[in-house]
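Visitor: Handing you this structure, nothing more for now.
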Amino acid sequence: MNEPPPFAQPPPDDRSVVAFHDVSIAFAGQQILENISFTVAPGETRILFGPAGVGKSVLLKLVNGLLRPDHGSILLFGQEISSMPEEMLFPLRTRTGMVFQEGALFDSLTVRDNVAYQLIQERVPDDEIDRRVREALRFVELEETFDLLPGSLSGGMKRRVAIARALIRQPELLLYDSPTGGLDPVTSTTIIELIVKERDYYGTPSILVTHRLQDAFNLCTHHFDAELGRMVPLPKGQTDPSTTFLMLEDGRLIFDGPLDELIRSENKFVREFME
Amino acid sequence: MAINTIERTAKQLVLTVQDYSLFAWRAFMNLWSPPRYWPDILVQSDIIGAGSTSIVLLSGFFTGGVLALQSAATLSQFGATAVTGQFVSLTMIRELGPVLTGIMVAGRNASSMASELGSMVVTEQIDAMRALGVDPMRKLVTPRILACISMLFFLTIVADAFGILGGAAVTVFLNHQDGTQYFSMAWEHLRYPDIIQGLIKPLFSGYIIASIGCFYGMRTSGGTEGVGRSTIQAVVNASVSIILVDFLVTRVLLALFPPL
């Protein structure tokens, strides 16, 4: 249960946006995550990697307190949230943005009201809401969907609207739960391009869950060129220094580090997964 | 094997009652503190109140009619058909109006609450709401409870009125009795405690319908099949609870306001 992880653990940093220490959670007697420890530094993008059903989404929901751990501590913006009452978590969550697996848009609200959901609750004036929603939709290149209902959008468009909703209050942390899951390769690349654009424009720290090697590698090996208005590859051999990997196997963290270390890893599971 | 099944079922039942008690308590406490989502309360009042008027009106009218038919047949044996009006109005106002309205509204609205919230749970919309910093208990549950309590109060009055009208229609057109006598008997023997009894019950029923509908919706699991299961559980448990609580409330109110 308390075996040390097979890699060097960085000491918790006071400036860490997120810090997990020895976190475990089980459902119905089945251990889902075991002794997970990692941090997310300001400006850092952590790619949470691993096969389906390994506990990646559960870990993401622990970050903003949607789930509570059975054991261990979780610091979000320096505050211990593992035993924080739900009422106190709401203000903290407004500082984060989350993109769910299938978008999780409110199907009875228009795209405008979905994207503006937080602003509407905060009673921001309508004119300002419209301006900020259009700005967020322009960022994801979906301004024309302003008045549409989510039911009339494709899967890829729903994810882009979900990204706009997560970005509208300029969060201090972004959580992406398999944003490209179930999408075709072209649409997946569009979504990854948006995530790269967000990372390079705003530098918001983030955790991105995925089981797709292609998406993870694209994030690491590309940057957003503002002049060209699209994602372009970094020079050969270079990777984005702020984008690093976490890898899970059977609920345990087996890797924490940059892409080149991941490629060189001797871990059998990592090797099999990469191949 | 059988003992294990019984033990598991009993534990499940106790756990559900415990979860519901906590849920109902939290929902009750939220009624007294901000934030309150007034637009949501109005929308829910329209869905529950205006949306249920036709079924409540029709069920009230025909229940009153049946009461008049059945009671006239029995009362005629004692030469007492003149008290049909009193019988129908007292039965509708004290008992059948509140209970029938509660059950009709439970069938229509507890099911819709459970299925709507259940669908939101399985599509992660509830988690999305929490992640956006909004409390689903206050945003979704509290407006439904407030709307259900207030609308059931008025719907019960509608059911009572149309029940008495239904009884009058049967008395006049089928039993060929005097309508003035019917209404005068219905009015003269009505006391304030009867009205109080009939109007306190929907306050309890309204709370039961909304809290049980939302409770089963919010604890939905297992995809679309789970939504169907939650809907059935919500309607069945809300209906049974309405009758059970009606019995308890009647017992207390009869002790407080003993019949003459």
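Protein chains in written order, with the working numbering: chain A, 50 to 324; chain B, 103 to 362.
Ideal Cβ placement from N, Cα and C applies to all residues, glycine included.
Quick one, are the C-beta atoms of B/A170 and B/T273 less than 8 Å apart?
Guide: By one-based count along the second sequence, residue 170 of chain B stands at place 68. By one-based count along the second sequence, residue 273 of chain B stands at place 171. Yes.
Visitor: In the DSSP assignment, find the unbroken beta strand (DSSP E) run with A/Y225 in it and report its ends.
Guide: Counting from one through the first sequence, the residue named residue 225 of chain A turns up at place 176. Where A/Y225 is concerned, the enclosing beta strand (DSSP E) stretches over L222 to D226.
Visitor: A/E298 bridges to which residues according to DSSP?
Guide: Here residue 298 of chain A refers to the residue found at position 249 when the first sequence is read from its first residue. Note: A/E298 sits in a beta bridge opposite A/R301.
Visitor: Pull up the distance between the alpha-carbon of B/I205 and that of A/I81, whole angstroms please.
Guide: Indexing the second sequence from 1 puts residue 205 of chain B at position 103. Indexing the first sequence from 1 puts residue 81 of chain A at position 32. Looking at the two C-alpha atoms, the distance is approximately 43 Å.
Visitor: Please confirm whether B/I105 has its beta-carbon closer than 8 Å to some beta-carbon of chain A.
Guide: Counted from its first residue, the second sequence places residue 105 of chain B at position 3. B/I105 does not count as touching chain A.
Visitor: Could you tell me the distance, in whole angstroms, from the CA atom of B/S214 to the CA atom of B/G151?
Guide: For this step, residue 214 of chain B is matched to residue 112 along the second sequence. For this step, residue 151 of chain B is matched to residue 49 along the second sequence. Cα-Cα distance, rounded: 14 Å.
Visitor: Examine chain B for any beta-carbon lying closer than 8 Å to the beta-carbon of A/L115, and answer yes or no.
Guide: Residue 115 of chain A sits at position 66 when you count from the first residue of the first sequence. By this cut-off, A/L115 is an interface position.
Visitor: Is it buried or exposed for B/L114, if we count other Cβ within 10 angstroms and need 16 for buried?
Guide: Translated into the one-based positions of the second sequence, residue 114 of chain B becomes position 12. Position check: residue 114 of chain B holds Gln in this sequence, whereas Leu was assumed. So B/Q114 counts as exposed.
Visitor: Would you decide whether B/T111 is buried or exposed? Buried here means 16 or more other CB atoms lie within 10 Å of its CB.
Guide: Looking up residue 111 of chain B in the second sequence gives position 9. Exposed.
Visitor: For B/P361, does the three-state DSSP call read helix, strand or coil?
Guide: Position 259 of the second sequence, counting from 1, holds the residue named residue 361 of chain B. Note: B/P361 maps to coil in three-state DSSP.
Visitor: Using only alpha-carbon positions, find the residue among A/T236, A/V210 and A/T88 that is nearest to A/R64.
Guide: For the purposes of this step, residue 64 of chain A is identified with residue 15 of the first sequence, where counting begins at 1. Per the Cα distances, A/T88.
Visitor: Could you list the residues in the stretch 311–328 of chain B with a C-beta less than 8 Å from some C-beta on chain A, going in chain order?
Guide: From the stretch 311–328 of chain B, no residue has a Cβ closer than 8 Å to chain A.
Visitor: Tell me whether B/S123 is buried or exposed, calling it buried when 16 or more other Cβ atoms sit within 10 Å of its Cβ.
Guide: In the second sequence, the residue the question calls residue 123 of chain B occupies position 21. Under this definition B/S123 is an exposed residue.
Visitor: Rounded to whole angstroms, what is the Cα-Cα separation between A/V182 and A/V164?
Guide: As a working note, residue 182 of chain A is residue 133 in the first sequence. As a working note, residue 164 of chain A is residue 115 in the first sequence. Distance between the alpha carbons of A/V182 and A/V164 is about 6 Å.
Visitor: Measure how close the beta-carbons of A/V333 and A/V112 come, nearest whole angstrom, since I'm counting them as under 8 Å.
Guide: This structure leaves residue 333 of chain A out entirely; chain A is present only between 50 and 324.
Visitor: From B/Q146 to A/I256, what does the alpha carbon distance come to, in whole angstroms?
Guide: In the second sequence, counting from the first residue as 1, residue 146 of chain B sits at position 44. In the first sequence, counting from the first residue as 1, residue 256 of chain A sits at position 207. Taking the straight line from one Cα to the other gives about 38 Å.
Visitor: Just checking my contact of B/S221 with B/V329 at CB under 8 Å: how many whole Å lie between their CB atoms?
Guide: In the second sequence, residue 221 of chain B corresponds to position 119, counting from 1. In the second sequence, residue 329 of chain B corresponds to position 227, counting from 1. Indeed they touch by this definition, with Cβ atoms about 6 Å apart.
Visitor: Taking C-beta pairs closer than 7 Å, name the residues in chain A that B/G235 reaches, listed in chain order.
Guide: Reading the second sequence from its first residue, position 133 is the one you call residue 235 of chain B. Within chain A, the residues near B/G235 are F139, P140, R142, T143 and Q167.
Visitor: Tell me which residues share the same chain as B/D142 and place their Cβ nearer than 6 Å to its Cβ, disregarding the 5 neighbours each side in the sequence.
Guide: Taking the first residue of the second sequence as 1, we reach residue 142 of chain B at position 40. Around B/D142: P245.
Visitor: Would you say B/R232 lies against chain A (beta-carbon separation less than 8 Å)?
Guide: Counted from its first residue, the second sequence places residue 232 of chain B at position 130. Chain A contact via Cβ: present.
Visitor: Checking contacts by CB at 8 Å: is B/T225 closer than that to chain A?
Guide: Counted from its first residue, the second sequence places residue 225 of chain B at position 123. Judged by the 8 Å Cβ criterion, B/T225 is in contact with chain A.
Visitor: Can you find a C-beta in chain B that's less than 8 Å from the C-beta of A/Q170?
Guide: In the first sequence, residue 170 of chain A corresponds to position 121, counting from 1. Yes - at least one Cβ of chain B is within 8 Å of the one on A/Q170.
Visitor: Is any beta-carbon of chain B found at less than 8 Å from that of A/F155?
Guide: Position 106 of the first sequence, counted from the start, is the residue given in the question as residue 155 of chain A. Yes, because at least one Cβ of chain B sits closer than 8 Å to the Cβ of A/F155.
Visitor: Does DSSP classify A/D196 as helix, strand or coil?
Guide: Against the first sequence, residue 196 of chain A aligns to sequence position 147. Looking at A/D196 - three-state DSSP - the assignment turns out to be coil, as it is neither helix nor strand.
Visitor: Let me know the secondary structure DSSP gives A/R320 once reduced to three states.
Guide: Mapped onto the first sequence, residue 320 of chain A falls at position 271. Of the three classes helix, strand and coil, the one that applies to A/R320 here is helix, per DSSP.
Visitor: Between B/D142 and chain C, is any beta-carbon pair separated by less than 8 Å?
Guide: Here chain C cannot be found, since the structure's protein chains are A and B.
Visitor: Which same chain residues end up closer than 6 Å to A/M50 when comparing Cβ atoms and leaving out the 5 residues on each side of it in sequence?
Guide: Position 1 of the first sequence holds residue 50 of chain A. The predicted model places A/M50 with a pLDDT of 39, which falls under 50 and marks its position as unreliable; any figure quoted below should be read in that light. Correct list: empty, nothing qualifies.
Visitor: For B/D229, return the contacting residues in chain A, with the cut-off set at a CB-CB distance below 9 Å.
Guide: By one-based count along the second sequence, residue 229 of chain B stands at place 127. Simply K110, L115, M147, F149 and A153.
Visitor: In this structure, how does DSSP classify A/F15 when only helix, strand and coil are distinguished?
Guide: Summary: the structure shown does not reach residue 15 of chain A, with chain A confined to residues 50 through 324, and so no result is reported for it.
Visitor: Can you tell me whether A/A101 is helix, strand or coil according to DSSP?
Guide: The sequence position of residue 101 of chain A within the first sequence is 52, counting from 1. Of the three classes helix, strand and coil, the one that applies to A/A101 here is coil, per DSSP.
Visitor: Can you tell me where the beta strand (DSSP E) holding A/P282 begins and where it ends?
Guide: The residue given as residue 282 of chain A occupies position 233 in the first sequence. A/P282 -> beta strand (DSSP E) spans R279 to P282.
Visitor: For B/M131, name the three-state secondary structure that DSSP assigns.
Guide: By 1-based counting over the second sequence, the position of residue 131 of chain B is 29. Reduced to three states, the DSSP call for B/M131 is helix.
Visitor: To the nearest angstrom, how far is the alpha carbon of A/L302 from that of A/L191?
Guide: Along the first sequence, one-based indexing puts residue 302 of chain A at 253. Along the first sequence, one-based indexing puts residue 191 of chain A at 142. When rounded, the distance between both Cα atoms is 37 Å.
Visitor: Considering B/D296, what are the terminal residues of the alpha helix (DSSP H) in which it resides?
Guide: To locate residue 296 of chain B, count along the second sequence from 1; it is residue 194. Per DSSP, B/D296 belongs to the alpha helix (DSSP H) from Y294 to M320.
Visitor: What residue does the beta strand (DSSP E) around B/F256 start on, and which one ends it?
Guide: The residue labelled residue 256 of chain B in the question sits at position 154 within the second sequence. Run containing B/F256: none in the beta strand (DSSP E); it sits in the alpha helix (DSSP H), T244 to A271.
Visitor: Please state the DSSP three-state secondary structure of A/A68.
Guide: Counting from one through the first sequence, the residue named residue 68 of chain A turns up at place 19. Note: A/A68 maps to strand in three-state DSSP.
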